[in-house]
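Structure record follows, encoded as structure tokens.
4 protein chains.
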Amino acid sequence: MPNKRNTPPRDPQLQAVQDKRKAILDTTLRLITSQGYHATPMSQIAREAGVAAGTIYHYFPSKEDLMSQLYAEVKARMGAALAEDPSHEMSYKMRFWIFWRNMYNYLKHNENDFWFLELFAVSPIIKAEDVRASARHYQSVIDFLAFGIQKGILREMSPNLMAALIDGQIKTIIRLEIAGHETITDKMIADVIQGSWDMVRIN
Amino acid sequence: MPNKRNTPPRDPQLQAVQDKRKAILDTTLRLITSQGYHATPMSQIAREAGVAAGTIYHYFPSKEDLMSQLYAEVKARMGAALAEDPSHEMSYKMRFWIFWRNMYNYLKHNENDFWFLELFAVSPIIKAEDVRASARHYQSVIDFLAFGIQKGILREMSPNLMAALIDGQIKTIIRLEIAGHETITDKMIADVIQGSWDMVRIN
Amino acid sequence: MPNKRNTPPRDPQLQAVQDKRKAILDTTLRLITSQGYHATPMSQIAREAGVAAGTIYHYFPSKEDLMSQLYAEVKARMGAALAEDPSHEMSYKMRFWIFWRNMYNYLKHNENDFWFLELFAVSPIIKAEDVRASARHYQSVIDFLAFGIQKGILREMSPNLMAALIDGQIKTIIRLEIAGHETITDKMIADVIQGSWDMVRIN
Amino acid sequence: MPNKRNTPPRDPQLQAVQDKRKAILDTTLRLITSQGYHATPMSQIAREAGVAAGTIYHYFPSKEDLMSQLYAEVKARMGAALAEDPSHEMSYKMRFWIFWRNMYNYLKHNENDFWFLELFAVSPIIKAEDVRASARHYQSVIDFLAFGIQKGILREMSPNLMAALIDGQIKTIIRLEIAGHETITDKMIADVIQGSWDMVRIN
DNA sequence: CATGAATGAGGCTTCATTCAT
DNA sequence: AATGAATGAAGCCTCATTCAT
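Take a look at the structure:
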């Protein structure tokens, strides 16, 4: 990796280390989403990441743990995309709309992340603990919804339930889009956001 | 199959055969949902179903095929639960409401079926072909939604998309309920159904 | 099997029994020669012979024994073809020639028998005992060679060795012919017979 | 490979690797020839070769491929023994004699190689491709025979057929010798070589 | 006699993980 | 830190044989 010379003068040792760790995580994400967990052996991850099999175990104690860490990274990544809270000067509905699109855009343009989350949302490999630990990345959305309820803009409903319902809608539409069973037009997206809004607002 | 009760007690041979096949399917469903696909060996299925390992292969050519057939059965089962279309004399909204509750009740009281569908909705093990083959069980719902749109009661939206969105909402709430992260009251259910209705109806 | 009515008025029961036994042996021969022993399951033999799996075990105690009996039958069959000793009035060389062609013709027109013998000549499944038991079918040839040696027509050489060498030559040419690596003309056959003769006769 | 003795004792790593591969091949040869293919499980090969079951799969992708590679090695080994062409100053007949004895000696003193070739000459496990690939090791013999024909010393006959016939004779006599059905004296060998010679030479 | 569902030992192979270098 | 050969438990599946009908 001689072409890394113009990166900031950080510990090149650490840099290399991080490169390898990242290569492993990226390769894992790619392979898991396309092949599934049980069809992706560590040896293949090693090969395609360009490291030795044993090397993976310097960074991750086990395959299961590799998944946990990857899950945490993906969740954090999406959380970051969501957190781009629009200006507070906009109307509440507009901010709702933008949150919704942020998440939609992120998942649509990061298919691997999307499928990985779909896969591991139901996998026994990801433990409740991992799920809980990642919840904090979505606090900004929960807060936003709680604020809407408090202001009397949204229905009286648990913000967690509300967030889950909206999350479900976004993922539903992306699933249809990716699976290709349905061609999704901009109008359809707008309809669904409007539907989401109608679902949660005070009528 | 409510018309099975008065069939004569025919062919105990066939009965035994069906019992074994059923025992395998039931055991598989139970184990897969609690342990996941790759953590459930055929040997365990055999043991807990009370048959020899080889016996499974009289009924199912491979583990993968066992999953396909189980998927088809579960889908058919849920389709049957849904198909109990309420009287046509009710208002459209009431019928919508009942469809919703039919599915909700079915999944809530058949947790294994629910988790199995969640698992295999995203598994590479279930092929697009299997999914397509099972779609026909839901035709009655699609028809119902299409009818609502045509009558000007529901928004102009693809009935498939609409069905997927509602399906997503029902599953979201059950997920929360089962995971126990959220205590779901009857009022919450009513709120969500109302939300679903608000999402799709002409405002 | 209603079309068996005009066979001699033998015990039709026995007839049916023999039919089944024969069907099993014939099917086994066909499958073994084309697939090999370990690639031919009893279940396939049963299916293609038109009997139930268990039925085979009424006629043959085990797969191994089925092979032994088939081996004995094939050996006897070829022995019978050989035994058509030409008239004693011919010259010795002519009789030699005819023995040679009898065997050649038999094997060439009964490819399955040929391959079966090739296969089981070296298989640990056929025991020395089986081989010994079948040797008697070739006594007429051994006697013929011994006679030639005694008369001073053939070299002083063990008749068994001599028979084995000739047998080897016939099988070699058929192997080349069947494998198709070499197109065998009548002249080549004649050459090889002449070679065989030159090999054993007093020069 | 007589020029191996003076190579330096390089790379003990590579040495160890080759040792393991060799141990597997040697053990396989020994077990297959005494038990047959389908009676020799990979687990036994591993145990008797002193490696773990999985280790075999580092060197050979499958049992079938292990056989192919072993076949190629044995063929090459025998080809090397044959290739020790006697001096060109000897008479043609003497050179013929020595070729014959080279092969005879090799097979007689390498019984396992002999049986392995006998076994796999007729096994569906060895594919035509493997056979073809190994043919080149025998080119020197074919050339020698072709030369004899061209010089008018041997009959007009396809050199391939001629080689196959001689090969058959050598194997026939070794089979008798090993099977122990016949005690083979030096005189008998000489008789058979003479017979071979009489078979192919111009009379 | 015949059937064929059922058995379960055992075969081939995979793969997460270790460890000597 | 990195390597990758080696391990061996465990998985899926086959198949000769049995036995209740």
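Chains as they are written, first to last, in this note's numbering: chain F, 13 to 215; chain E, 13 to 215; chain P, 13 to 215; chain H, 13 to 215. Every residue, glycine too, gets a C-beta built ideally from N, C-alpha and C.
Item	Value
Contacting positions in the region 115 to 143 of chain F - beta carbon closer than 9 Å to chain E	W127, E130, L131, A133, V134, S135, P136, I137, A140, V143
Coil, strand or helix - R144/H by DSSP	helix
Cβ-Cβ distance between M8/P and G207/H below 9 Å	It is not possible to answer for residue 8/P, since the shown part of chain P is limited to 13 through 215.
Below-9 Å beta-carbon distance, E194/P vs any chain H residue	yes
Interface residues of chain H facing R167/P [CB-CB closer than 8 Å]	D203, G207
The region 90 to 100 of chain E contacting the region 142 to 156 of chain E, beta-carbon criterion three pairs below 8 Å	yes
Contacts that A145/F makes with chain E (C-beta to C-beta distance below 8 Å)	In chain order: nothing, as chain E lies at least about 14 Å away.
Identity of the residues DSSP links to R213/H by a beta bridge	L166/H
Exposure of E130/E, with buried meaning 16 or more beta-carbon neighbours within 10 Å	buried
Cβ shell of D63/H (< 8 Å), same chain only, five flanking positions each side left out	The sequence given here has Val at residue 63/H, not Asp. These residues qualify, in order along the chain: K32, A35, I36.
Any 3 or more C-beta pairs closer than 8 Å across the region 127 to 144 of chain H and the region 151 to 158 of chain P	no
Spatial neighbours of E194/H in its chain, beta-carbon cut-off 6 Å, leaving aside the 5 residues before and after	L188
Exposure of T52/P, with buried meaning 16 or more beta-carbon neighbours within 10 Å	buried
Contact under 9 Å by Cβ, L82/H with Y71/H	no
Cut-off 7 Å between Cβ atoms - residues of its own chain near T40/P, not counting five sequence neighbours on either side	I57, L78, L82
Rounded C-alpha distance that separates Y118/F from I178/F	15 Å
Proximity below 9 Å, CB of I161/P to CB of M174/P	yes
Environment of G180/H [buried if 16+ CB atoms lie within 10 Å]	buried
Nearest neighbour of I214/F, chosen from E168/F, V134/F, P73/F [CA to CA]	E168/F
Range covered by the alpha helix (DSSP H) that runs through V86/F	75 to 94
Rounded distance between the beta-carbons of I186/P and F132/P, thought under 8 Å	About 16 Å; that fails the 8 Å criterion.
Residue burial classification, T260/P (beta-carbon count within 10 angstroms, cutoff 16)	Chain P is shown from 13 up to 215; residue 260/P falls before or after that span and cannot be answered.
is_contact[D179/P, chain H] using C-beta, thresh 9 Å	yes
Length of the line joining the Cα atoms of T45/E and P171/F	29 Å
Rounded Cβ spacing between E123/H and I190/H (contact assumed at less than 8 Å)	6 Å
Cutoff 9 Å: Q47/H Cβ touching any chain P Cβ	yes
F72/F - DSSP class collapsed to helix/strand/coil	coil
Pick from F128/P, R113/P, I138/P, I137/P that is closest to D203/P, judged by C-alpha positions	R113/P
Neighbourhood of R22/H by C-beta, 8 Å cutoff - its chain only, sequence neighbours within 5 removed	Only weak support is given to the placement of R22/H: the predicted model assigns it a pLDDT of 47, under 50, and the value that follows is read from those uncertain coordinates. Excluding positions up to five away in sequence, the list is empty.
Segments assigned alpha helix (DSSP H), at least 4 residues, entirely inside the region 177 to 212 of chain F	198 to 212
Proximity test, Cβ basis, 9 Å: H50/H and chain P	yes
As assigned by DSSP and simplified to three states, the class of D38/F	helix
Cβ of K183/H within 9 Å of any chain P Cβ	yes
Close Cβ partners of I138/F (< 8 Å) along its chain, the five nearest in sequence each way excluded	M79, S80, Y83, F132
DSSP state of N122/E mapped onto helix, strand, coil	coil
8 Å Cβ shell around V86/F - same chain, five flanking residues per side excluded	L41, D125, F128, L129
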